[in-house]
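Colleague: My questions will all concern the structure given below.
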C-alpha cells in the first residue's frame, strides 16, 4: 500500500480518536427568540435553543451567558436582547451580538473590552455558535451561527456551542434578503428575548 495512503489513514484515525475523546459536555443552554419585522410589522418569530460547552470554553461561555441574562456595567446593562442580526452571509452564517451600538459596529465583553481566543478545539460544522472577531484575541460580544460547514474558519474563531433545536429557523433567517454590498438584512431582525438555563 502506498506510504502516503498509510500516513493519511493514520491521520484520519488520530483525528477520529481526538474527536471521540473530546468531551463535549453541555454546561449551559440558551434560548434565543428572533423577531423579523417587515414594513414595521412583525413578519415572524423564530425560537432557537443552543447548547454551550463551558468545559472546553469557560471564559467564552461565561461571557455569553452573562450577556444573555443582562450584565450590569457602570449604570448600563449589556444584553443580547434587542441586538440586531446585522450580517447575513447566504449559505454560511448569521451574525449578531452587538450589545453597545446594536448595529454591528460595536463589541465588548463582560471582562471589559476584548478577551483571548481560549480554544480552537472545535471545528466549524453546520449549526455551531462561534465568536466573531477582528483578528487574534479580539473577542467581545458578537457571535455567529453557521448554516453550513466552514472549516476554513478553524483556528481563527472560537466555537463554543451548537444549535440543538431550531436549525430550520436559523436557515430561514439566513435566507432573508440582504444588501449585497454590506450583507445587512433588508428587514429588521432582532434578538427579542434571551434566556439561560443550566
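Numbering (UniProt numbering), first residue to last: 1 to 198.
Glycine included, every Cβ here is placed at the ideal spot set by N, Cα and C.
Given the structure is predicted, the values throughout are model-derived calculations rather than measurements.
Going by beta carbon distance, what residues of the same chain come within less than 7 Å of residue 42, once the five residues before and after it are set aside?
Modeller: Residue mapping note: residue 42 aligns to position 42 of the chain shown, counting from 1. Only 35 meet the Cβ criterion.
Colleague: From residue 143 to residue 39, what distance separates their C-alpha atoms?
Modeller: Sequence index remark: in the chain shown, residue 143 carries index 143 (1-based). Sequence index remark: in the chain shown, residue 39 carries index 39 (1-based). Their backbone Cα atoms lie some 26 Å apart in a straight line.
Colleague: Using C-beta distances below 6 Å, list every residue in its chain close to residue 192, excluding the 5 sequence neighbours before and after it, in chain order.
Modeller: In the chain shown, counting from the first residue as 1, residue 192 sits at position 192. Around residue 192: 33, 35.
Colleague: Write down the C-beta distance between residue 209 and residue 50 rounded to the nearest angstrom, noting that I regard them as a contact closer than 8 Å.
Modeller: Outside the modelled stretch of the chain, which goes from 1 to 198, sits residue 209, for which no answer is possible.
Colleague: For residue 187, which of helix, strand or coil comes out of DSSP?
Modeller: Along the chain shown, one-based indexing puts residue 187 at 187. Coil at residue 187, not helix or strand.
Colleague: On the CB-based measure, 16 or more other CB atoms within 10 Å of its CB, does residue 195 come out buried or exposed?
Modeller: To locate residue 195, count along the chain shown from 1; it is residue 195. Exposed.
Colleague: Taking 8 Å as the threshold (C-beta atoms), are residue 120 and residue 139 in contact?
Modeller: Looking up residue 139 in the chain shown gives position 139. Looking up residue 120 in the chain shown gives position 120. No, Cβ-Cβ distance for residue 139 and residue 120 is not below 8 Å.
Colleague: Are the segment 168 to 186 and the segment 84 to 92 in contact at 8 Å, needing three or more beta carbon pairs?
Modeller: Yes, they touch.
Colleague: Would you mind stating whether residue 71 and residue 52 have Cβ atoms separated by less than 8 Å?
Modeller: Locating residue 71 in the chain shown gives position 71, counting from the first residue. Locating residue 52 in the chain shown gives position 52, counting from the first residue. Not closer than 8 Å, so no.
Colleague: Which first and last residues belong to the beta strand (DSSP E) in which residue 158 is found?
Modeller: In the chain shown, counting from the first residue as 1, residue 158 sits at position 158. Premise fails: residue 158 is in no beta strand (DSSP E) and is neither H nor E.
Colleague: Which of the three DSSP states is assigned to residue 66 in this structure?
Modeller: Translated into positions along the chain shown, residue 66 becomes position 66. Residue 66: helix per DSSP, three-state reduction.
Colleague: Count the other CB atoms, across all protein chains shown, that sit within 10 Å of the CB of residue 164; report buried if there are 16 or more and exposed otherwise.
Modeller: Residue mapping note: residue 164 aligns to position 164 of the chain shown, counting from 1. The residue in question, residue 164, is exposed, as its Cβ has fewer than 16 Cβ neighbours within 10 Å.
Colleague: So what does DSSP say about residue 89, is it helix, strand or coil?
Modeller: The count along the chain shown starts at 1 and reaches residue 89 at position 89. The answer is strand: DSSP assigns residue 89 an E or B state.
Colleague: Could you tell me which of 59, 57, 108 sits nearest to residue 79, measuring between CA atoms?
Modeller: Here the question's residue 79 lines up with position 79 in the chain shown. For the residues 59, 57, 108, the minimum Cα distance to residue 79 belongs to 108.
Colleague: With 16 other CB atoms within 10 Å as the buried threshold, where does residue 157 fall?
Modeller: The sequence position of residue 157 within the chain shown is 157, counting from 1. So residue 157 counts as buried.
Colleague: According to the Cβ coordinates, are residue 137 and residue 154 closer than 8 Å?
Modeller: Within the chain shown, the letter at position 137 stands for residue 137. Within the chain shown, the letter at position 154 stands for residue 154. For residue 137 and residue 154, no; Cβs fall outside 8 Å.
Colleague: Taking the runs of the alpha helix (DSSP H) that are 4 residues or longer, which of them lie wholly in the segment 98 to 132?
Modeller: If we require 4 residues or more, the segment 98 to 132 turns out to have no alpha helix (DSSP H) run fully inside it.
Colleague: Any idea what DSSP makes of residue 177, helix, strand or coil?
Modeller: Along the chain shown, read from residue 1 onward, the residue named residue 177 stands at position 177. The answer is coil: DSSP assigns residue 177 none of H, G, I, E or B.
Colleague: In terms of residue numbering, what span does the beta strand (DSSP E) encompassing residue 57 cover?
Modeller: For the purposes of this step, residue 57 is identified with residue 57 of the chain shown, where counting begins at 1. From DSSP, residue 57 is part of no beta strand (DSSP E); its letter is neither H nor E.
Colleague: From the DSSP secondary-structure annotation, give me the bridge partner or partners of residue 139.
Modeller: Residue 139 sits at position 139 when you count from the first residue of the chain shown. The partner list for residue 139 (beta bridge, DSSP) reads 115.
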